[in-house]
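K.L.:
Questions regarding the structure given below will be posed in turn.
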Amino acid sequence: MPDLAVAVSGLSKEYRLGAHGPQYGRLTETITDAFRRRGRRRSRSVEHFLALDDVDLEISEGEVVGIVGRNGAGKTTLLKVLSRVTEPTKGTVDLYGRVSALLEVGTGFHPELTGRENIALNGAILGMSRAEVARKFDEIVEFAEVERFIDTPVKRYSSGMYVRLAFSVAASLEPEVLIIDEVLAVGDARFQKKCLGRMTEVAREGRTVLFVSHNTGAVAELCTRAVLLEQGRKISEGPVGDVLMDYARLAEPDGHEVELDPDPDLPVAVTAVSVRDGAGRPTTMFDLTDEVEIGITYHVRRPTHGFQIALGLARNVIDVLHTFDTDDEEEADARAPGLYEARCRFPASFLKAGLWSATLSTGTPSEGFQSLESIVRFEVEDRTVNTQDKGYRRDRPGHVISPGRWTTERLER
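What follows is the structure, encoded as structure tokens:
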């Protein structure tokens, strides 16, 4: 059994909200508080907020664990406690080995120093010796893609350049535990892919990775296990696919139809979105063998050219596919004023079992587009029993089932 890399027991972190009194009793805070209280009455009560509430967690060496949850769930607070950026209010944290953390863009960077100087400074903060920094310097700069600007003060760097250099230094430390927060969202898609590749290499080398991201596709690709936080508590832990399904269930369940109150100034406004089966019956529960139809009702207020609807489907909060109502047209049709309904139908035995959500983007290139995130949700269940003797698992990989076109021909007797 692998040794533990991280052991968390009864971890809680409490903050005081709206309190004028100094929390730690430092001289500067005492003086500041005295000025705040001058001429006004001090509040008798202090509100406390539990960012983390009695969290237990064990992570073994070599595991790649995703920390997921909605905004405010406590993900970043957990990583800050693990990185020793902040102290817990209660509980214990045991870390085994050197820890490298990237929690915020440019953590440990001095804006007046150049990229070269900040590599040395940040490396020292993360525990690298001068010889180790010198040995890895070219590799850090090449990975960060900032060769031309290495002797430029980092205050002139873009946020993307900042995070590239910060990640490159942190990943080059060769830590036993690498902690990465959502900062990778600052980089472009190509660099995010590069970072994911680097984290995969770190994991293959037997080191431990803790990864927080709202990009659940990246979590599913990189991680073997996940932890779901909600309001500071751990509510789910296990295989990444199961935890992401629990994450999807956190959203308030929607009905089979959602009516909207659109902006009256929009030239084309979506007024309702519905989910139906192949027979046109409204529902949010489907069997694998059912057809699924998404209906979009919209009102064209004035003659419009180039109107498009983009429909995206996500399974267990992972984006799966996008389709456009203009895919079969050479160019978008003109729309005269009136009420319209667009329908997009997915065939039976195509969408795999799971929790699905639909996102819409509607508009024109000249007028701009309106996005409606996770506007409707529905669930697909696999109640079929005819796969038992076919030699493959019921839960085949992927998110959709491609029918394919198979033929078999005997070439010789």
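Reading the sequence shown from the start, the letters are residues 842 to 1254 in the numbering used here.
The beta carbon of each residue, even a glycine, is placed where N, CA and C say it ideally should be.
From a predicted model like this one, the values you see are computed outputs, not experimental measurements.
Helix, strand or coil for residue 950 per DSSP?
P.N.:
Note: residue 950 maps to coil in three-state DSSP.
K.L.:
Can you name the start and end residues of the beta strand (DSSP E) that residue 1110 belongs to?
P.N.:
Counting along the chain, the beta strand (DSSP E) containing residue 1110 begins and ends at 1109-1118.
K.L.:
Using the Cβ count rule (16 or more neighbours within 10 Å means buried), how would you classify residue 854?
P.N.:
By the neighbour-count rule (16 or more Cβ atoms within 10 Å), residue 854 is buried.
K.L.:
Let's test the definition: count the other Cβ atoms within 10 Å of the Cβ of residue 929 and tell me whether it reaches 16, buried, or not, exposed.
P.N.:
So residue 929 counts as buried.
K.L.:
Could you check where the alpha helix (DSSP H) with residue 996 kicks off and where it finishes?
P.N.:
Here residue 996 belongs to no alpha helix (DSSP H), and DSSP marks it neither H nor E.
K.L.:
In whole angstroms, what is the alpha-carbon distance linking residue 1209 and residue 1111?
P.N.:
Computed Cα separation, rounded: 14 Å.
K.L.:
Report buried or exposed for residue 1016, applying the criterion of at least 16 other Cβ atoms within 10 angstroms of its Cβ.
P.N.:
Buried is the call here.
K.L.:
Can you check the stretch 1019-1055 for any beta strand (DSSP E) of at least 3 residues that lies completely inside it and give the ranges in chain order?
P.N.:
Complete beta strand (DSSP E) runs here, min 3: 1049-1053.
K.L.:
Report the option in 965, 845, 888 and 951 whose CA atom is closest to the CA atom of residue 996.
P.N.:
Minimum Cα distance to residue 996 is reached at 951.
K.L.:
For the beta strand (DSSP E) containing residue 852, list its first residue and its last residue.
P.N.:
845-858 is the extent of the beta strand (DSSP E) around residue 852.
K.L.:
Who are the near neighbours of residue 1166 in its chain, counting only those whose CB is closer than 6 Å to its CB and skipping five residues on each side?
P.N.:
Excluding sequence neighbours, residue 1166 sits near 1150 and 1183.
K.L.:
Where residue 1069 and residue 1044 are concerned, what is the direct C-alpha to C-alpha distance, given to the nearest angstrom?
P.N.:
Distance between the alpha carbons of residue 1069 and residue 1044 is about 21 Å.
K.L.:
Do the stretch 1045-1060 and the stretch 973-980 touch if we need at least three Cβ pairs shorter than 8 Å?
P.N.:
The stretch 1045-1060 is not in contact with the stretch 973-980.
K.L.:
Are there 16 or more other CB atoms within 10 angstroms of the CB of residue 904, so buried, or fewer, so exposed?
P.N.:
Residue 904 is buried by the Cβ-count criterion.
K.L.:
How about the stretch 1216-1224 and the stretch 1193-1208: do they share at least three Cβ pairs that are nearer than 8 Å?
P.N.:
Result yes; three or more Cβ-Cβ pairs closer than 8 Å.
K.L.:
May I ask which residues mark the beginning and end of the alpha helix (DSSP H) holding residue 979?
P.N.:
Its alpha helix (DSSP H) spans residues 971-985.
K.L.:
Can the beta-carbon of residue 941 be found closer than 8 Å to that of residue 967?
P.N.:
For residue 941 and residue 967, yes; Cβs fall inside 8 Å.
K.L.:
Would you identify the three-state DSSP class for residue 1009, choosing helix, strand or coil?
P.N.:
Residue state, collapsed to three classes: helix.
K.L.:
For residue 933, does the three-state DSSP call read helix, strand or coil?
P.N.:
The answer is strand: DSSP assigns residue 933 an E or B state.
K.L.:
Hey, could you find the ends of the beta strand (DSSP E) residue 1162 is sitting in?
P.N.:
From DSSP, the beta strand (DSSP E) with residue 1162 extends over 1159-1165.
K.L.:
Does the Cβ-Cβ distance between residue 906 and residue 1099 come in under 8 Å?
P.N.:
No, these two residues do not count as a Cβ contact at 8 Å.
K.L.:
Note the first and the last residue of the continuous alpha helix (DSSP H) segment covering residue 958.
P.N.:
Note, residue 958: alpha helix (DSSP H), 956-966.
K.L.:
Given a cut-off of 8 Å, decide if residue 1152 and residue 909 are closer than it, judged by their beta-carbon atoms.
P.N.:
No, Cβ-Cβ distance for residue 909 and residue 1152 is not below 8 Å.
K.L.:
Need the endpoints of the alpha helix (DSSP H) that residue 1074 sits in, please.
P.N.:
No alpha helix (DSSP H) contains residue 1074, which is instead part of the beta strand (DSSP E) from 1074-1080.
K.L.:
So residue 922 is in the alpha helix (DSSP H); what residue range does that whole segment cover?
P.N.:
Element bounds for residue 922: 916-923.
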